[in-house]
Amino acid sequence: MTTEPPPPIVTTDLTIGGMTCAACVRRVEKKLARLDGVSASVNLATGRVRVSHPPHVRHEELVAMVEQAGYTAALPKPRQDAADVPDAAHRQQRERLLITALLALPVLVLSMVPAWQFRNWQWLCFVLTAPVAVWGAWPFHVRALRGLRHSTATMDTLVSLGVAASFSWSAYALFLGGAGGPGMRMPFSLLPSAPDGVAHIYLEAAVGVPLFALAGRFLEARVRHGTGAALRSLAHLAAKEVSVREDGTERRIAIEELAAGQVFIVRPGERVATDGAVVEGRSAVDLSLVTGESEPVEVAPGSSVVGGAVNAGGLLLVRATAVGADTQLARITRLVTEAQAGKARAQRLADTVAGVFVPVVLTLAVTVLGFWLGAGADPQAAVTASVAVLVVACPCALGLATPTALMAATGRGAQLGVLVSGPRALEALRHIDTVVLDKTGTLTSGHMSVARVTAVPGGLGEETVLRLVGAVERGSEHPLGRAIAAYAERTLPGKPPLPQVSDFAATAGRGVRGLVDDRRVEVLAPDDALPTELAEALMAAETAAHTPVVVRVDGVTQALIAVGDVLRPGSYRAVHRLRRLGVRPVLATGDREAPARSVATALGIEEVHARHTPEEKARLVQELREQGRHVAAIGDGVNDAAALAGADLGIAMGTGADAAIGAADVTLVRGDIEALVDAVRLARRTLGTIRANLLWAFGYNAVTVPLAVVGLLNPMVAAVAMSASSLLVVANSLRLRAWQPSPARGRGPTASRKLP
Ligand SMILES: Nc1ncnc2c1ncn2[C@@H]1O[C@H](COP(=O)(O)OP(=O)(O)OP(=O)(O)O)[C@@H](O)[C@H]1O
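Residues 1 to 756 in full-length UniProt numbering are what the sequence shown spells out, letter by letter.
Given below as structure tokens:
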């Protein structure tokens with residue numbers, strides 16, 4: 001029997017127009033899911049939907065489905081980031097809000113202060129209210145009608161109905177109910193009341209509801225806009241044109257034409273056009289806009305530079321190593337965008353609740369009206385109660401609770417050099433109680449240097465060995481390899497270039513080998529069978545906490561190289577601060593016991609696992625998880641990728657290998673592990689904010705809806721309460737944008753120190 005392989009699934013992002021609340025989210029998702037094999041996840045905050053679908057489902061079908069649900073849909077424009085709010089729409093929104101506020105304020109004041117109610121004041125209020133109820137609330141009416149055509153009710157339906165009901169009732173009261181008489185005063189109170197025998201006017205509700213709903217929307221857009229600004233500023237860092245040097249002549253070309261391998265020129269003060277390696281010139285480059293690194297970095301031939309960095313000093317010639325979507329800048333931008341497209345579990349809950357909520361509220365409003373009329377109550381009281389229910393129950397706050405907090409937090413994280421891949425990672429980050437730390441390149445700087453080379457007497461000799469080793473290690477991206485290659489290039493007398501290597505192979509966690517000048521060269525961790533001289537050198541290296549590697553040529557051990565490293569500034573503080581947050585540090589390294597212990601002692605880490613292969617590191621993570629711990633693994637190298645992928649949360653050093661970054665949920669852009677402490681604290685704060693927001697939003701409805709049902713809530717008060725609740729939620733989330741990491745970061749008793 002043969003089984004068909006499952007069809008491949010592709011993802012498409014669409015920008016959706018017209019969504020306003022959690023009920024819309026549910027509607028769009030449900031509609032798309034009706035297509036065979038399609039699932040969708042909407043992010044209200046970014047106004048986008050990510051659709052997973054079989055390749056045969058065309059974009060047009062997806063768009064048509066969304067349009068049937070009453071919204072607009074389009075493929076995102078190239079380079080338009082997820083958080084982009086079109087400026088024109090933003091301006092229009094602000095104008096509508098301002099004019100509505102100008103018209104509404106006198107109405108609100110006159111309605112609430114009976115002492116200022118002059119002769120015929122109610123007619124002035126009516127004239128001011130009419131444009132607000134129609135034009136001010138227009139976006140809500142349009143969306144409510146659109147929903148109605150597809151027999152759906154959203155938050156807009158509630159706002160639109162609330163405005164329409166309070167305005168028409170007021171019109172009735174003024175023209176037919178006796179409220180229009182000259183000199184008529186209306187007392188204002190929390191409870192609905194009116195002078196005997198006169199119908200009450202609710203113009204304050206008719207202006208208050210749209211005013212506050214517009215204000216909520218406007219603020220929400222501001223949050224999006226603010227987070228989008230961080231992304232836009234990254235995008236602006238990308239150069240548009242670049243000067244290339246070909247056959248000794250210089251030519252300016254569009255950045256899109258630049259190919260990897262071409263040499264381009266970076267003049268002082270210019271931005272580096274794309275990632276590359278310096279081939280000529282010395283200078284300092286300023287990376288602060290790309291990675292937040294504040295100190296300029298010295299570069300010389302051989303150094304790598306990142307696109308977007310500013311050349312602060314001399315003229316540089318750079319060979320492009322990556323262009324377009326492969327550059328670090330593009331990767332960072334993508335990470336932030338992705339982060340905002342995901343959706344947290346908490347958000348799904350809110351969506352589900354809101355999807356049920358709106359129909360329930362509508363039914364309730366109608367039932368309340370029917371019940372009060374049926375019970376023989378004054379129509380005035382019946383309408384009041386029904387309008388109050390409609391207005392007070394708008395679940396705006398519920399829809400805003402999670403996305404606003406997540407957006408503010410991911411944006412803030414990006415500013416602090418912590419790229420979180422999505423809300424799921426943010427949630428995991430909050431929970432971690434154990435962190436498995438890699439040594440080389442994570443706790444230590446990874447800028448290793450050769451401390452001593454000991455050659456076997458009677459062997460090939462130090463110089464020959466170094467030439468062979470240097471040649472092989474040039475192919476390695478491992479900090480050990482880079483240190484040894486650099487050392488060989490620097491120290492060999494006469495300096496003929498290092499020979500070529502063939503059959504190069506690197507085994508993560510073990511070492512490298514290759515064929516140089518027809519000799520088989522291996523560089524790897526020392527085993528126990530060493531010639532006496534090397535055994536002594538090994539002991540010396542262990543005492544000095546250096547990392548030893550042995551060199552074998554054609555199977556014969558020829559030398560031992562001791563390589564030293566320094567702790568990263570900040571490692572000590574990071575480990576201690578993590579511990580204070582209740583996170584247990586565990587050191588797992590491929591290196592030997594002595595250097596591992598030395599680092600652990602210097603940092604106060606008790607649990608050390610040395611000589612761990614990449615598989616053993618991954619297994620350790622697995623075991624810790626099986627013990628019920630929430631494990632984060634942090635590393636920089638290819639040898640860490642498995643552990644990172646297997647942990648509850650993988651954290652990569654932004655300065656590390658691509659394999660590590662690819663396997664990670666969180667990237668520390670600056671390669672500063674103190675940023676992890678900030679990230680954990682920010683995540684905990686964010687989830688706290690979300691929880692407070694949801695609690696508030698649910699609690700508020702739980703209290704106010706029953707009050708409105710029994711007729712104890714003035715629609716005006718209901719409007720204020722509903723909007724205040726949204727504003728509170730947005731304001732609470734916005735506080736995350738001002739969140740500060742601990743002020744002493746990066747300082748303290750931890751200048752970079754030599755080991756041990
Ligand atoms: N390019 C290389 N050249 C020489 N030896 C290497 C190389 N790569 C790995 N090794 C040997 O394998 C050992 C384990 O390497 P691995 O990358 O797993 O750990 P590490 O980098 O020393 O420490 P950590 O796990 O903390 O990053 C190293 O200590 C070294 O002895």
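Where a beta carbon is used, it is the ideal one built from N, C-alpha and C, also for glycine.
Since the model is a prediction, treat every value here as computed from it, not as a measurement.
Check	Outcome
Tell me whether V549, by its Cβ, gets closer than 7 angstroms to a heavy atom of ligand 1.	yes
How big is the Cα-Cα spacing for F126 and V666?	56 angstroms
Output the residues surrounding ligand 1, defined as those with a CB atom closer than 5 angstroms to any ligand heavy atom, in chain order.	D438, K439, T440, S476, H478, L480, G481, G509, G511, V512, V523, A525, V549, T589, G590, D591, N639
Around the C-beta of M539, are 16 or more other C-beta atoms found within 10 angstroms, so that it is buried, or is it exposed?	exposed
Using CA atoms only, rank isn't needed, just tell me which of A40, L578, L712, A508 is closest to H612.	A508
Report yes or no: do three or more beta-carbon pairs, one from the region 540 to 548 and one from the region 634 to 643, lie closer than 8 angstroms?	no
Do you know offhand how far L624's Cα is from R430's?	17 angstroms
Between the Cα of G475 and the Cα atoms of A505, A488, R48, which residue gives the shortest distance?	A505
Check whether the Cβ atoms of R482 and E522 lie closer than 8 angstroms to each other.	no
So, with DSSP's three-state summary, where would you put residue 765?	Summary: the structure shown does not reach residue 765, with the chain confined to residues 1 through 756, and so no result is reported for it.
DSSP on R251, reduced to helix/strand/coil?	strand
Taking all protein chains shown into account, do 16 or more other C-beta atoms lie within 10 angstroms of the C-beta of I9, making it buried, or fewer, making it exposed?	exposed
Can you grab the Cα-Cα spacing for the pair V163 / A205, in whole Å?	7 angstroms
Taking all protein chains shown into account, do 16 or more other C-beta atoms lie within 10 angstroms of the C-beta of A82, making it buried, or fewer, making it exposed?	Per-residue confidence for A82 stands at a pLDDT of 39, beneath the threshold of 50, marking its modelled position as unreliable; the derived number appears in the next sentence. Looking at its Cβ environment, which holds 16 or more other Cβ atoms inside 10 Å, A82 is buried.
Is it a yes or a no for the region 27 to 43 touching the region 54 to 70, going by three-plus beta-carbon pairs under 8 angstroms?	yes
Which of the three DSSP states is assigned to D640 in this structure?	helix
Hey, could you find the ends of the alpha helix (DSSP H) G699 is sitting in?	674 to 709
If the criterion is Cβ atoms closer than 8 angstroms, does the pair Q122 and A179 meet it?	yes
I need the boundaries of the alpha helix (DSSP H) containing R597, first residue and last residue.	593 to 603
Give me the DSSP bridge partner(s) of S243.	R252, I265
Under the three-state reduction of DSSP, which class applies to I9: helix, strand or coil?	coil
What is the rounded straight-line gap between the Cα of R737 and the Cα of F175?	50 angstroms
So what does DSSP say about P379, is it helix, strand or coil?	helix
Around the C-beta of S304, are 16 or more other C-beta atoms found within 10 angstroms, so that it is buried, or is it exposed?	exposed
What residue does the beta strand (DSSP E) around R282 start on, and which one ends it?	No beta strand (DSSP E) contains R282, which DSSP labels as neither H nor E.
Say whether the region 574 to 591 touches the region 671 to 678, bearing in mind that this needs 3 or more beta-carbon pairs closer than 8 angstroms, one atom from each stretch.	yes
For E522, which three-state DSSP category applies?	strand
Would DSSP call G441 helix, strand or coil?	helix
Can you give the Cα-Cα distance for A194 and H200, rounded to whole angstroms?	A caution first: A194 carries a pLDDT of 48, below 50, which makes its placement in the model too unreliable to give a value.
Sorted by chain position, which residues of the same chain lie with C-beta nearer than 7 angstroms to G604's C-beta, five sequence neighbours on each side aside?	V575, H576
Relative to the C-alpha of F212, which candidate in R96, I255, L567, R143 has its C-alpha closest?	R96
With C-beta atoms as the reference, is T704 less than 8 angstroms away from L713?	yes
Counting C-beta neighbours from all protein chains within 10 Å, is the total for R412 16 or more, i.e. buried, or is it exposed?	buried
Specify, as a first and last residue, the run of the alpha helix (DSSP H) that P548 falls within.	From DSSP, P548 is part of no alpha helix (DSSP H) but of the beta strand (DSSP E) over 547 to 553.
Taking only the alpha-carbon atoms, compute the straight-line gap between S598 and L524 and give it to the nearest angstrom.	21 angstroms
Compute the Euclidean distance between the alpha carbons of R490 and T686, then round it to the nearest angstrom.	50 angstroms
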